[in-house]
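Visitor: Residue numbers (this note's numbering): 20 to 165.
Even glycine gets a Cβ: it sits at the ideal position worked out from N, Cα and C.
One structure follows; several queries about it will come next.
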Amino acid sequence: MADGTLDFSDLYRASPLQRVRLVRDGVPASEVKDMARLMDMPQEKLLQSLGLSMATVNRKAKRAEGLSSEDSERVLGVSNLIGQVQVMVEQSGLSDGFDAAKWLAHWLDQPLPALGGERPADYLDTLEGQRLISSLLAQSQSGAYA
């Protein structure tokens with residue numbers, strides 16, 4: 020993400036130190052718009068799920084500025100989830116034609132029994148919530164209850 024491109028599997032495989040640098044540098048606000056497009060999700064819906072202000076993101080994107088560290092962490096968290104799905108599917112050997120970003124966007128919007136019928140998207144606004152979502156994805160890969 021630091022060079023203006025979204026490579027979700029590389030981000031997922033990045034070291035914690037690399038991800039900390041990305042957070043500190045600030046994710047370019049324009050990449051949130053790109054992420055929404057790649058997820059085929061309305062930008063407003065993604066921003067709301069992340070707890071980000073549309074006005075702030077638009078203003079910073081127009082000025083080619085980065086997001087705050089706090090906002091960057093949440094955006095990178097979703098990028099990491101997309102990368103996690105992408106890597107999971109690659110490991111299954113069935114990745115041809117699979118779009119991890121669009122799949123995740125759809126999955127995030129589905130109520131899950133493991134969340135008491137709530138949608139995973141409702142947990143994207145905190146790092147702990149994103150860790151929970153990551154854990155549920157990993158459980159689904161292993162066949163455990165999710």
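#1: Kindly give me the distance between the Cβ atoms of L95 and G45, rounded to whole angstroms, as I take these residues to be in contact under 8 Å.
#2: Could you check the C-alpha separation between V51 and P130 for me, to the nearest Å?
#3: Return the residue from the list Q37, K81, L100 and E92 that minimises the CA-CA distance to H125.
#4: Within 10 angstroms of the Cβ of P27, are there 16 or more other Cβ atoms? Answer buried if so, exposed if not.
#5: In three-state DSSP terms, what is G102?
#6: Assuming L66 contacts M73 under a Cβ cut-off of 8 Å, what Cβ separation, rounded to an integer in Å, is found between them?
#7: Using a threshold of 8 Å, state whether the C-beta atoms of M107 and Q37 are closer than that.
#8: Smallest Cα separation from T75: which of D59, S98 and P47?
#9: Give the single residue among Q62, Q149 and D115 whose Cα lies nearest to the Cα of L134.
#10: Where DSSP assigns a beta bridge to G85, which residues make up the other side?
#11: Could you tell me the boundaries of the alpha helix (DSSP H) in which L66 lies?
#12: Which residues in the same chain as S154 place their Cβ atom closer than 6 Å to its Cβ, once the five residues preceding and following it in sequence are excluded?
#13: Roughly how many angstroms separate the alpha carbons of G17 and Q105, rounded to a whole number?
#14: Hey, A120 and M58: beta-carbon distance below 8 Å or not?
#15: Assuming F117 is part of the alpha helix (DSSP H), what are its boundary residues?
Guide: Per the coordinate set shown:
#1: With a Cβ gap of about 10 Å, L95 and G45 do not count as contacting.
#2: 24 Å
#3: L100
#4: One point to set straight first is that residue 27 is Phe, not Pro, in the sequence displayed. Buried is the call here.
#5: Of the three classes helix, strand and coil, the one that applies to G102 here is helix, per DSSP.
#6: Indeed, because the Cβ distance is near 5 Å, the residues count as touching under 8 Å.
#7: no
#8: P47
#9: Q149
#10: P47
#11: Q62 to L69
#12: So no residue of the chain qualifies.
#13: Outside the modelled stretch of the chain, which goes from 20 to 165, sits residue 17, for which no answer is possible.
#14: yes
#15: It is not in any alpha helix (DSSP H) - F117 carries neither H nor E in the DSSP assignment.
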